[in-house]
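Heads up: the structure comes next, in structure tokens.
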Amino acid sequence: MIPLVEVDLEAKAPKLSDGGAFSATPLVQRVDPLFGHSCRIVAGAKLQPEQSPNLGEITDRKGFCPFCADTIDSATFPFPTEMIPSGRISKGACRVVPNILAYSTYSAVGIYDPGRHFLSLSDFTFDILNDAISAMAEHGRLVRKYDSRLSYSSINANYLPSSGSSLIHPHLQSSHDFVPLGSQRRMAEVFDQYFEENRSGYLDDLVLQERVGPRWVGSIGSVDYLVPFAPSGFHEVWGVVNGATDVVDLTLDQIEDLAHGIEKILGIYEAKHLSAFNYSLQGLPHGEGGNGAKMLYRITTRSSVEAYYRSDITYFERLCAEPMIDYSPEVWASELAAIF
Ligand SMILES: [Zn+2]
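Heads up: the sequence shown runs through residues 68 to 407, numbered per our numbering.
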């Protein structure tokens, strides 16, 4: 049994409708047993946008864009052919190019569609997502073959500036290192210890436990989707990929099951006027995390891109390791479950 601990913080605050009299206000703290952070789930806060932001001002192409079809060949470099035999990777509309910004031993950028400078959330169709993840996984397989020191891979994305993205043209990124990301290190430690103590996989047991509960979203083929008990950000969703432990092991079917799920999640983000997001698909090298290790996909929204909209990273998130969440994970899961 995975412990899901919730503490009632017994908040007391003046009530506007009662002349400022102090009264009990719902507030709970929850701890995420996998990544270790706690979060507090607040009631009554209105941190999410009432309407969709007007994106035209930032999404219209105004000048040079290295990822647009007319410039991508001159603005990006091919891979060395000893690393990627064809020098370039593409699948469907997606193009994969080396990342100029060295944030990993090897990293690549996948441009979902060089032909379209901007993709709205509803433009992320199954084909766009499936081709992009497939192309990034193919790059991962080739680069891991090229340099045998590498064993930690992930496929990640920022979307729009409030998520950390420096370019508007939608893209995804990968990291291939010989050391784990902090989250991969944590997954390896927790999975290992859990397997030692329970002889079963942490994510297997989480899915078994949550499948019958209020945070269950649904399964699409090999991927089980759920809302985490203690989210790290707004409107977070997890996808547990069954049958794969590492990015380089992903099969076409597993990628399709992810693409179908992400298409649905981005669709509901758009319907809820949410605009920016981050996601990360992470695995572990073979043998790490015990026999029950699996890949985990996580996606969360970020602040609206409206001018001067408040950041979703306050001192709580940045310095206190305790995100403040203004939605109920259980209500959010029921909204998702209705479309899965
Ligand atoms: Zn562009």
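Just so it is clear, CB atoms sit at the ideal spot from N, CA and C, and this is done for glycine as well.
In the structure shown, what three-state DSSP assignment does residue i receive?
i, result
"M254", "helix"
"P228", "helix"
"K331", "helix"
"Q115", "coil"
"N345", "strand"
"G285", "strand"
"R155", "coil"
"E355", "coil"
"N166", "coil"
"H206", "helix"
"K339", "coil"
"S215", "coil"
"V176", "strand"
"V279", "coil"
"N121", "coil"
"Y375", "coil"
"S189", "helix"
"T126", "helix"
"D198", "helix"
"A311", "coil"
"S233", "coil"
"G350", "coil"
What does the alpha-carbon distance come out to for the pair residue i and residue j?
i, j, result
"S189", "A360", "33 Å"
"D320", "N121", "36 Å"
"N166", "E77", "49 Å"
"K339", "S119", "8 Å"
"L315", "P81", "Looking at the sequence shown, residue 315 is not Leu but Val. If I take the Cα positions, the gap works out to 54 Å."
"H353", "R266", "17 Å"
"A255", "L351", "7 Å"
"G87", "S289", "52 Å"
"P281", "F146", "46 Å"
"E355", "E397", "32 Å"
"G182", "E149", "29 Å"
"A160", "S201", "12 Å"
"F134", "Y226", "14 Å"
"M203", "L83", "52 Å"
"E205", "S250", "23 Å"
"E408", "K331", "Here the chain comprises residues numbered 68 to 407, so residue 408 is not present and cannot be evaluated."
"R155", "V164", "7 Å"
"D198", "H327", "12 Å"
"N401", "Q115", "Reading off the sequence, residue 401 comes out as Ser, not Asn. Those two C-alpha atoms are separated by around 18 Å."
"I151", "D313", "20 Å"
"I392", "D140", "43 Å"
"A136", "R162", "10 Å"
"S286", "D85", "45 Å"
"D180", "E323", "18 Å"
For residue i, which beta-bridge partners are listed by DSSP?
i, result
"W305", "L293, R365"
"I392", "I108"
"R97", "E73, C106"
"C387", "In the DSSP output, where bridge partners are listed per residue, C387 has none listed."
"T92", "A78"
"S220", "H243"
"C419", "The structure shown does not extend to residue 419, since the chain is modelled only from 68 to 407, so the question has no answer here."
"H238", "I178"
Could you pull out every residue in the same chain whose Cβ sits closer than 8 Å to the Cβ of residue i, ignoring the five residues on either side in sequence?
i, result
"K79", "F89, S90, A91, T92"
"L94", "D75, L76, E77, A78, R107, I108, V109, A110"
"F383", "R107, E389, P390, M391"
Quick one: does the C-beta of residue i sit closer than 7 Å to a heavy atom of ligand 2?
i, result
"G154", "No copy of ligand 2 occurs in the structure displayed; its ligands are ligand 1 alone."
Tell me which residues share the same chain as residue i and place their Cβ nearer than 7 Å to its Cβ, disregarding the 5 neighbours each side in the sequence.
i, result
"R410", "Not covered by the structure: residue 410. The range shown for the chain is 68 to 407."
"G130", "none"
"D194", "G159"
"G207", "S220, S241, H243, V314, V315"
Taking 6 Å as the limit between beta carbons, can you name the residues of its chain near residue i, skipping five residues before and five after?
i, result
"D291", "V274, V307"
"Q96", "V74, L76, S105, R107"
"I329", "L196"
"L403", "V284"
"V176", "V164, N166, H238, Q240"
"L270", "V307, K361"
TODO: Kindly provide the chain-ordered list of residues whose Cβ lies closer than 5 Å to any non-hydrogen atom of ligand 1.
DONE: C132, F134, C135, H184, H236
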